[in-house]
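Taken in sequence, the protein lines are chains X and P.
Here the first sequence stands for residues 838 to 1334, numbered as in the working numbering.
Here the second sequence stands for residues 517 to 794, numbered as in the working numbering.
No residue lacks a Cβ here, since even glycine has one placed at the ideal position from N, Cα and C.
Predicted, not measured: the structure shown is a model, and the values here were computed from it.
Worksheet for the structure shown next.
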Amino acid sequence: MENIAQYILDGRNEDWRVELRKSMKAKERTSIVRVIMPEQDPNVRNKNSVEVNTGITEEMAIAEAHRCLDCPEPTCTTGCPVGINIPAFIKKIETGDFLGAASVIKQTNALPAVCGRVCPQEKQCELNCFYTQKLKKPAIAIGNLERFTADYERNSGKMSIPDVAKANKHKIAVVGSGPAGLAAAGDLAKAGYDVTVFEALHEIGGVLKYGIPEFRLPNDIVDVEIENMRKMGVKFRTDYIVGKTSSFEDLRADGFEAFFVGSGAGLPRFMNIPGENFNGIFSSNEYLTRVNLMKAAHEDYDTPVLMGKNVAVIGGGNTAMDSVRTAKRLGAERAMIIYRRSMEEMPARAEEVHHALDEGIEFLNLHNPIEYFADEKGRVNKMKVQRMELAEPDASGRRRPVPMEGEGAQFDIDVDLVIVAVGVSPNPIVPESLKQLKMTDWGTIVVDKETMQSSIEDVFAGGDIVRGGATVILAMGDGRKAAAGIHKYMMEKVAAN
Amino acid sequence: MNKIIEKEFFSENVAKFVLEAPEIARSRKAGHFVIIRLDEKGERVPLTISDGDPEKGTITLVVQKVGVTSARLLDMNAGDEILDVVGPLGHATHIQNYGTVLCAGGGVGVAPLLPIIKALKEAGNKVISVLAGRTRELIILEDEVAAYSDEVIVMTDDGSYGKKGLVTAGMEEVIQREKVDKAVVIGPAIMMKFGSLTTKKYNISTEVSLNTIMVDGTGMCGACRVSIGGKTKFVCVDGPEFDAFLVDWDEMMMRMGAYRTEEHQAFENYLQTAEISK
Ligand SMILES: Cc1cc2nc3c(=O)[nH]c(=O)nc-3n(C[C@H](O)[C@H](O)[C@H](O)COP(=O)(O)OP(=O)(O)OC[C@H]3O[C@@H](n4cnc5c(N)ncnc54)[C@H](O)[C@@H]3O)c2cc1C
Ligand SMILES: Cc1cc2nc3c(=O)[nH]c(=O)nc-3n(C[C@H](O)[C@H](O)[C@H](O)COP(=O)(O)OP(=O)(O)OC[C@H]3O[C@@H](n4cnc5c(N)ncnc54)[C@H](O)[C@@H]3O)c2cc1C
Ligand code: SF4
Ligand code: FES
Chain X
838 MENIAQYILD
848 GRNEDWRVEL
858 RKSMKAKERT
868 SIVRVIMPEQ
878 DPNVRNKNSV
888 EVNTGITEEM
898 AIAEAHRCLD
908 CPEPTCTTGC
918 PVGINIPAFI
928 KKIETGDFLG
938 AASVIKQTNA
948 LPAVCGRVCP
958 QEKQCELNCF
968 YTQKLKKPAI
978 AIGNLERFTA
988 DYERNSGKMS
998 IPDVAKANKH
1008 KIAVVGSGPA
1018 GLAAAGDLAK
1028 AGYDVTVFEA
1038 LHEIGGVLKY
1048 GIPEFRLPND
1058 IVDVEIENMR
1068 KMGVKFRTDY
1078 IVGKTSSFED
1088 LRADGFEAFF
1098 VGSGAGLPRF
1108 MNIPGENFNG
1118 IFSSNEYLTR
1128 VNLMKAAHED
1138 YDTPVLMGKN
1148 VAVIGGGNTA
1158 MDSVRTAKRL
1168 GAERAMIIYR
1178 RSMEEMPARA
1188 EEVHHALDEG
1198 IEFLNLHNPI
1208 EYFADEKGRV
1218 NKMKVQRMEL
1228 AEPDASGRRR
1238 PVPMEGEGAQ
1248 FDIDVDLVIV
1258 AVGVSPNPIV
1268 PESLKQLKMT
1278 DWGTIVVDKE
1288 TMQSSIEDVF
1298 AGGDIVRGGA
1308 TVILAMGDGR
1318 KAAAGIHKYM
1328 MEKVAAN
Chain P
517 MNKIIEKEFF
527 SENVAKFVLE
537 APEIARSRKA
547 GHFVIIRLDE
557 KGERVPLTIS
567 DGDPEKGTIT
577 LVVQKVGVTS
587 ARLLDMNAGD
597 EILDVVGPLG
607 HATHIQNYGT
617 VLCAGGGVGV
627 APLLPIIKAL
637 KEAGNKVISV
647 LAGRTRELII
657 LEDEVAAYSD
667 EVIVMTDDGS
677 YGKKGLVTAG
687 MEEVIQREKV
697 DKAVVIGPAI
707 MMKFGSLTTK
717 KYNISTEVSL
727 NTIMVDGTGM
737 CGACRVSIGG
747 KTKFVCVDGP
757 EFDAFLVDWD
767 EMMMRMGAYR
777 TEEHQAFENY
787 LQTAEISK
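Here's what the structure looks like:
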């Protein structure tokens, strides 16, 4: 048996769960078809910025919850990076106790409305569901149920603010307000610490705000969570770059006793191919920041963004999907993904790829840009691409894309906007300002895997600054572990004095 | 929110602002800049910190009206508040005793040059400053520059003040007259390009401070990228100062024109609404 946590196994023996299991035969449960998430019509939504998924109803959620077998070995939970008690919350939904379901999720996940929307469930919980693994049927729609539960709680007006321990007057600084920083701040506030979150940008939320677009994750949802944290006593300082506005030393002198660094992997990579600095070629970060953070597409906002008729987005991850679908929404006639591997190897969430296809995005898989050309004013007007093929698997088992040879292996495409989404590097500001900090060759911070403590005693770190570009849920998991690590460090420090 | 403590016009289109920004005032050094956003709908624009007072907790900006944001800022007054001010950004200027340093500033470029002149002087250099502008009223901060320079030469295109001629003529005059160990040239891109072509003729190592288009100013977007010695660099985190001889000036000027149409339209609209509301 895989290592399924004891609290998950214990909950299963409660009387109500036992009763509920008996109330319907397994055969009946498995014959129910998986819920289909209602969505806006593809040809309507590709012209607006409203969320694509419109949400499942209470009836749909209850029906879907009936499918779940409440397995003796709920393998789904092994796929969840923060160990949500999945069957427990699903069974609460089955009984119609949606607020109860929400409180189960919130025991281990601080931002369920966000995770229900952006987690790659098909690679995590849903991949490990009994239905996927043994029945070869579509998994329980765990992500959709999580989203439903969180939305229900938020709309009920009965959102519970977690209990906060008595204030202990110890000041902790959180650097960066992405999911890692928010998760750490939440747990530290709960434990009674005086927490200040410092954020370089003018908005709280990190990638959740400047990166992931409104049509996938509405800002309101993130703002509600931030508001709740304020109610728990967390302080936020925007326009504040730790390491620049103030040094760590300054903050120590101001009374901060420990730090959590969740500064993310915000630095865009380029491919360093000829012509990449022509106008009309953006990093995905610049494009999405202009549109999402600066609201460049709104008439009454000052920040401009270049519009394109023929838009090429380079890459196959979530960032690439978000960019190409944004370009389509801003009026591109032709919006295409150019990715050097095949469809199967795309790292983006499966749902986003499907949505993109439905919205009329073209996919040029096994193609790679090699040069850009521009008009006399320097605006990109053409790109040369190279056809690729997959070589035999290498030592790592991955099939590497290699250039094809011969006639037609290279050709030109007309483009007037190109968005480069080929990955990000760790933000160097914190490491540059803390010279003693131990780093990897990739520029990520070295930490203890259990406590998330760095080589500097009072500095803890997590999220993309430790992992390179990863996921929201892993960042949050790190933030929570670090909060526990900081608490332990502080207790020891207090005890020693 | 950062309060404007003081505002003073240098000319019709150039004004000095003293802002409340205690942490930035404490941390800033010569060469640093800030990014400001005037209000909720505003864009983020970079401005050099031309002076600072850690005791009073203030920083000084000198701004030239060129488009919507700068025009809107010039319409603001002491007591008004700026929504966002973040910094100090970029690397501070490397300061050492070179011997004789030639500092050339064009237009509003004199504002970022001033703290560098001050720091160079304090490090024991002989500082010769050349200030240039199209016409008399575009020469700014002359007294402040003079306070930290061994000599100040003023050049105007139309000869309305100082000597008639371009900045390069003033620079050549100094270089031909005495040994110059280092040059710093700050101003519009075209002026920096020709200024550094001049110093290159005499093989005088030269620093320039690039003023590319920016968004975040923290290395996150790449809007500010330029080619330095054939490698792509981000001005906000790798600069803003670079070895002038390595800058690809034509590419930089091409990139600065990326939004010319949009900027022009926005400025026209602003001038119209500003006119109507008067
Ligand atoms: C467009 C896009 C789409 C994505 N889609 C998904 C998805 O669907 N599902 C998923 O799971 N993941 C997705 N990801 C990845 C996910 O968003 C990241 O892994 C996650 O946000 C990392 O969280 P973090 O808290 O470590 O960092 P970030 O979210 O990057 O936040 C870091 C914050 O720290 C701030 N900061 C940096 N340095 C300092 C400093 N010195 N002082 C103060 N503040 C500082 C930054 O401004 C930033 O706001 C996506 C990423 C992008 C860019
Ligand atoms: C590191 C740095 C430091 C700077 N320091 C100062 C300073 O101390 N004082 C100051 O007045 N300005 C400074 N600038 C330039 C300033 O940021 C721009 O003038 C400002 O962004 C213009 O905004 P706008 O909305 O008023 O004009 P826009 O509408 O954005 O532009 C109007 C016109 O100005 C041109 N323009 C746009 N950006 C620049 C630029 N960066 N430099 C020159 N012309 C530009 C445009 O091509 C256009 O023709 C600095 C720029 C950088 C990158
Ligand atoms: S593995 Fe699937 S069926 Fe079993 S408890 Fe988890 S979600 Fe329910
Ligand atoms: S301004 Fe965004 S990277 Fe420099």
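Any Cβ of chain X closer than 8 angstroms to the Cβ of P/Ser566 would place that residue at the interface, and such an atom is absent.
Cβ neighbours of P/Asp764 within its own chain (closer than 6 angstroms, five residues either side excluded): Ser743. For P/Met770, at least one C-beta of chain X is nearer than 8 angstroms to its own C-beta.
For P/Asp659, there are no CB contacts under 8 angstroms within the same chain when 5 residues up- and downstream are skipped. Under the Cβ criterion of 8 angstroms, X/Glu1188 is not counted among the residues facing chain P. Within a 10 Å sphere around the beta-carbon of X/Asn885 sit fewer than 16 other beta-carbons, which makes this residue exposed. Here the distance from the Cβ of P/Ala739 to the nearest heavy atom of ligand 4 is below 7 angstroms. For P/Gly773, the Cβ falls inside the 7 angstroms cut-off from some heavy atom of ligand 2.
For P/Asp600, the enclosing beta strand (DSSP E) starts and ends at 600 to 605.
Residues of chain X with a Cβ closer than 8 angstroms to the Cβ of P/Asp600 are, in chain order, His1039, Thr1075, Asp1076. Around the beta carbon of P/Ile706, fewer than 16 other beta carbons lie within 10 angstroms, which makes this residue exposed. In this model, X/Pro1016 and P/Ile540 are separated by some 27 angstroms (Cα to Cα).
If you check each beta-carbon in the region 708 to 728 of chain P against every beta-carbon of chain X, none falls closer than 9 angstroms. DSSP lists X/Ala1211 as the beta-bridge partner residues of X/Val1217. When the beta-carbon positions are compared, X/Leu1167 and P/Met736 stay at least 8 angstroms from each other.
Non-local beta-carbon contacts of P/Met517 in its own chain, meaning distances under 6 angstroms to residues more than five positions away in sequence, involve Glu597 in chain order. For X/Leu1104, the nearest CB of chain P lies under 8 angstroms from its own CB, placing it at the interface with that chain. For the beta strand (DSSP E) assignment, the uninterrupted runs of no fewer than 3 residues enclosed by the region 544 to 632 of chain P are, from N- to C-terminal side, 549 to 553, 561 to 564, 567 to 569, 574 to 580, 600 to 605, 616 to 622.
Contact with chain P is absent for X/Phe1096, since none of that chain's Cβ atoms lies less than 8 angstroms from the residue's Cβ.
Where X/Phe1085 is concerned, the enclosing alpha helix (DSSP H) starts and stops at 1085 to 1090.
Residue pairing for P/Val763: DSSP places it in a beta bridge opposite P/Ile744.
Rounded to whole angstroms, the separation of the alpha carbons of X/Gln1223 and X/Met1183 is 18 angstroms. The beta carbon of P/Ala782 sits closer than 8 angstroms to some beta carbon of chain X. Put simply, the backbone Cα of P/Gln781 is about 10 angstroms away from that of P/Leu787.
Boundaries cannot be given for X/Asn965, as no beta strand (DSSP E) includes it and DSSP labels it neither H nor E.
X/Arg871 sits in coil when the DSSP states are folded into three classes, being neither helix nor strand. About 32 angstroms separates the Cβ atoms of X/Asn981 and X/Ser1100, ruling out a contact at the 8 angstroms cut-off. Going by C-alpha positions, X/Thr986 is about 10 angstroms away from X/Thr894. Taking each of X/Gly953, X/Thr1033, X/Gln958 in turn and checking the Cα distance to X/Gly1092, the smallest one comes out for X/Thr1033. P/Arg553 reaches chain X at His1039, counting residues in chain order whose Cβ is nearer than 7 angstroms. Secondary structure remark: continuous alpha helix (DSSP H) runs of at least 4 residues inside the region 1112 to 1191 of chain X, in chain order: 1121 to 1125, 1155 to 1166. Residue P/Asp759 holds the alpha-carbon nearest to the alpha-carbon of P/Val700 among P/Asp759, P/Leu654, P/Gly686.
At a cut-off of 8 angstroms, the C-beta of X/Gly1305 has no neighbouring C-beta in chain P. Think of a sphere of 7 angstroms around the beta carbon of X/Ser1120: the chain P residues whose beta carbon falls inside it are Cys737, Gly738, in chain order. Under the three-state reduction of DSSP, X/His1204 is assigned to strand. X/Ala978: not part of any alpha helix (DSSP H); DSSP gives it neither H nor E.
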